[in-house]
DNA sequence: GTTCCGATTTTCT
DNA sequence: GAAAATCGGAACA
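Residue numbers (our numbering): 13 to 227.
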């Protein structure tokens with residue numbers, strides 16, 4: 013049980029908030045180590061938070077599933093900037109997705125937050141989703157942004173200095189599982205989805221191949 | 001329990 | 001004009 017994610021920024025136990033250096037690394041590593049950390053959203057004086065239980069890594073030109081695959085555009089420019097910022101985009105006409113940027117400046121990378129386990133402000137979160145069960149309040153990328161009140165106004169937010177959105181280190185290592193990423197057509201061979209094994213709060217995702225027989 | 005399909009907007013070709 | 005890092009409801013077993 014001694015093996016698992018380590019959090020370099022916690023080495024001295026000084027600050028609970030993850031620092032710039034945590035994000036400025038190889039994206040899949042950041043995605044894995046974000047599991048167990050606490051995503052915090054502050055609205056006015058109200059604090060909403062949840063433990064990150066599911067993530068996916070997206071990189072640049074070598075990753076066909078990434079928004080940054082075809083180069084820099086106005087939408088994805090945050091992925092190319094300084095690590096430790098929020099990349100929020102609107103998709104499918106309904107949903108926002110929250111990513112945290114990674115890699116050093118100039119190198120595109122981001123971690124998609126797919127699910128959290130509600131911790132603070134649970135009643136607010138389930139009320140927004142019209143549910144009673146906290147386990148389903150934030151078990152998908154579009155669901156958690158709705159529960160936490162995250163939209164494109166937070167695109168580009170600096171997670172190191174922001175008072176509205178940031179991440180705090182977890183209390184310790186968690187059991188990690190991996191799988192192919194969800195909802196993409198290309199790049200499925202890379203197992204860059206990470207989740208907390210055994211957690212009830214992860215999204216189910218879709219089995220990439222149910223009955224296909226590839227020779 | 002699982003699988004299929006439509007809704008609706010932004011973004012890019 | 002087409003596709004998209006999704007969700008929720010309907011249909012079926």
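Ideal Cβ positions, reconstructed from N, Cα and C, are used throughout, including at glycine.
Under 8 Å between C-beta atoms of residue i and residue j
i: residue 188; j: residue 44; result: yes
i: residue 57; j: residue 133; result: no
i: residue 9; j: residue 196; result: Only positions 13 to 227 of the chain appear in the structure, and residue 9 is not among them; the question remains open.
i: residue 126; j: residue 215; result: yes
i: residue 124; j: residue 162; result: no
i: residue 194; j: residue 47; result: no
Alpha-carbon spacing of residue i relative to residue j, whole angstroms
i: residue 211; j: residue 167; result: 29 Å
i: residue 128; j: residue 115; result: 23 Å
i: residue 28; j: residue 49; result: 10 Å
i: residue 118; j: residue 131; result: 35 Å
i: residue 160; j: residue 113; result: 19 Å
i: residue 95; j: residue 35; result: 6 Å
i: residue 102; j: residue 30; result: 26 Å
i: residue 170; j: residue 144; result: 33 Å
i: residue 179; j: residue 157; result: 15 Å
i: residue 149; j: residue 93; result: 31 Å
i: residue 202; j: residue 192; result: 6 Å
i: residue 72; j: residue 173; result: 26 Å
i: residue 181; j: residue 190; result: 21 Å
i: residue 184; j: residue 136; result: 27 Å
i: residue 33; j: residue 91; result: 16 Å
i: residue 52; j: residue 198; result: 32 Å
i: residue 87; j: residue 142; result: 31 Å
i: residue 70; j: residue 89; result: 14 Å
i: residue 104; j: residue 75; result: 21 Å
Whole-number beta carbon distance between residue j and residue i, since they are thought to touch under 8 Å
i: residue 121; j: residue 41; result: Rounded, the Cβ-Cβ distance is 10 Å, inconsistent with contact.
i: residue 54; j: residue 176; result: 5 Å
i: residue 108; j: residue 100; result: 6 Å
i: residue 147; j: residue 213; result: 6 Å
Check: Counting pairs of Cβ atoms below 8 Å between the segment 199 to 214 and the segment 61 to 75, do you hit three or more?
Finding: These segments touch.
Item checked: Cβ contact (3+ pairs, closer than 8 Å) linking the segment 75 to 82 and the segment 136 to 156 -> no
Notebook entry, point to check: Which whole runs of the beta strand (DSSP E) in the segment 119 to 164 are 3 residues long or more, in chain order?
Noted result: 122 to 132
Next item on the list: Could you tell me which uninterrupted alpha helix (DSSP H) segments, each at least 4 residues in length, are contained entirely in the segment 60 to 96, listed from first to last along the chain?
Entry: 89 to 92
Notebook entry, point to check: At what residue ranges does the segment 162 to 211 contain a whole run of the beta strand (DSSP E), taking only runs of 3 or more?
Noted result: 177 to 180, 188 to 191 and 205 to 208
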